[in-house]
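One structure is given below, encoded as structure tokens.
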Amino acid sequence: MKSIGSFVVAFVVMAVSAGRATAGQDQGDRFRFSVNTRAEYTDNRDASETDEASNWDFYLRPRADVLLGDPDRALLDLYYAPSIRYRTDPSIAQNETELQHDLGLHAKYRASRRLVLRASEKFDLTDDGSVSQDGSTIRGDRSYIRNDIRAGADFLAGRQTEVDLSVGNRIKRYDEADAASTSDEDRTDAGIKLIQHFSGNTRASLEGRYSLYSYESPGLLMRDFDSILGALGVEKMLSKNLTVGGQLGAQMQSYDDPGINDSTSPFARLFVRGSTTPSLRLNTTLTHAVRDSDAFPFASQEYSELSARADWDTTPHVTLTLSGLYRLSNYDDVAPSAAALAALIGRDETTIAVSGQAAYKLNDSLTVQVRQRFEDVDSDVSTSFSKNTTTLELTKHF
0 MKSIGSFVVA FVVMAVSAGR ATAGQDQGDR FRFSVNTRAE YTDNRDASET DEASNWDFYL
60 RPRADVLLGD PDRALLDLYY APSIRYRTDP SIAQNETELQ HDLGLHAKYR ASRRLVLRAS
120 EKFDLTDDGS VSQDGSTIRG DRSYIRNDIR AGADFLAGRQ TEVDLSVGNR IKRYDEADAA
180 STSDEDRTDA GIKLIQHFSG NTRASLEGRY SLYSYESPGL LMRDFDSILG ALGVEKMLSK
240 NLTVGGQLGA QMQSYDDPGI NDSTSPFARL FVRGSTTPSL RLNTTLTHAV RDSDAFPFAS
300 QEYSELSARA DWDTTPHVTL TLSGLYRLSN YDDVAPSAAA LAALIGRDET TIAVSGQAAY
360 KLNDSLTVQV RQRFEDVDSD VSTSFSKNTT TLELTKHF
């Protein structure tokens, strides 16, 4: 962890130096600082099926951003957000206090009237990982790092034709050998999307994407696979602020393990997003696709997911939010041939998550949020559990 600590220190020094260098140029616009604090109660601390234990978590998360450049030409946003977490009732495997680092950057450069370049980097480090939300990739309480880097280009090929290129790489690494042997992951992908605009607020797209998934696996297990996606899409603006659309296509998977048959699966995504009134914003997506596995020792999962969110500004100061997710994941015929016999049987996992939130804006820089969340996971491949979480959150911008 010494090298990680050095990286954190170097990043902070760089951000401070950049901030000083631009202090004479509208310092308030170049440097931003905020503090988020929250109290969170859960009735199932460990997302356990039988041994449910309640717990209070208290978080303190300051964030510093340094913005360099001109938003109309070239903009670089460097940020650092450490988090301190305190548990009132940790399990024997958990720390009472936890420190997490979140560092990153967002960059955008307009090279010409037709070409825009973009890049982002997000680095997370924690000394005591916790169970993730939405029932996906449930992590043990172990130290890990995660890095996600992406880059892309948007090129205007004609008056009504766009070409979007993107590449990305994501890694996850655990400190402890037993966790690393089953949970270390890599993902690399590259994609191209052609977009053609038509009259009548309609546009069509053709997308191709290649993804390579790699896992660290013990013994003779082979879980790596690659995927090729091809999809046609159409979007239509029903009004100035409301858009509907979708994509239809296919995904082809090729597995390293000779015992897992290569396959072709349908791909579909339908969405509605925008505003029906100035005070009501909607975002609903229905997806069917194949992606990396959330459960060891399986290689991938074919899933169908419905997600929805509505934000309603009841007054200029109060916003109510309701969101939900339903996902059905199928793990049939994607267990490596060297896996235990029990894993070779077809398995499913159903995830339901519902959340309600009320946000009150006291002034332009201070917001209070109250949130209630319910999760239910019914799994044949991992732990089944139900969990309620209540959160009180305060955010102050300086």
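The sequence shown begins at 0 in this note's numbering and counts up by one. Backbone N, C-alpha and C define an ideal beta-carbon position, used for all residues, glycine too. Treat the numbers as computed from the prediction; the structure is a model and nothing was measured.
Inset, instruction - Mind checking which residues open and close the alpha helix (DSSP H) that includes ALA179? - result: Unbroken alpha helix (DSSP H) run through ALA179: 176–182.
Inset, instruction - State the start and end residues of the unbroken beta strand (DSSP E) segment that holds ASN35. - result: 30–41
Inset, instruction - Label THR160 either buried or exposed according to how many other C-beta atoms from any shown protein chain fall within 10 Å of its C-beta, with 16 as the threshold for buried. - result: Classification of THR160: exposed, given that the 10 Å Cβ count is below 16.
Legend entry - Beta-carbon proximity check, ALA368 vs GLY355, cutoff 8 Å: One point to set straight first is that residue 368 is Gln, not Ala, in the sequence displayed. Not in contact: GLN368 and GLY355 (Cβ atoms no closer than 8 Å).
Inset, instruction - Please check the pair VAL34 and LYS395, which I expect to be a contact at CB under 8 Å, by giving their CB distance rounded to whole angstroms. - result: 5 Å between Cβ atoms; contact.
Inset, instruction - Closer than 7 Å by C-beta to GLY248: which residues in its own chain qualify, once you throw out the five before and the five after it? Chain order, please. - result: LEU228, GLY229, ALA230, LEU231, PHE266
Inset, instruction - Provide the residue(s) that pair with HIS196 in DSSP beta bridges, ordered along the chain. - result: Paired residue(s): ARG202.
Inset, instruction - For the beta strand (DSSP E) holding TYR254, just list the boundary residues, first then last. - result: 241–254
Inset, instruction - Can you have a look at SER175 and say buried or exposed, based on whether 16 or more other CB atoms are within 10 angstroms of its CB? - result: Ser is not the amino acid found at residue 175; the sequence shown has Glu there. Note on GLU175: under 16 other CB atoms within 10 angstroms of its CB, so exposed under the neighbour-count rule.
Legend entry - Cα-Cα separation, PHE384 to ALA80: 31 Å
Legend entry - Short Cβ contact (8 Å threshold) for SER87 with ASN54: Inspection of the sequence shows that residue 87 is occupied by Thr rather than by Ser. Yes, the Cβ-Cβ distance between THR87 and ASN54 is below 8 Å.
Inset, instruction - Using the Cα positions of ASN362 and THR181, report the straight-line distance between them to the nearest angstrom. - result: 47 Å
Inset, instruction - With distances taken Cα to Cα, identify the nearest neighbour of ARG84 among THR125, TRP311, ASN387, THR275. - result: Per the C-alpha coordinates, the member of THR125, TRP311, ASN387, THR275 positioned closest to ARG84 is THR125.
Legend entry - Endpoints, beta strand (DSSP E) assigned at ILE83: 73–86
Inset, instruction - Measure the CB-CB distance between ALA38 and LEU391 and report whether it falls below 8 Å. - result: yes
Inset, instruction - Report all residues from its chain with a CB closer than 6 Å to the CB of ASP225; omit the five preceding and five following residues, and keep chain order. - result: LEU211, SER253
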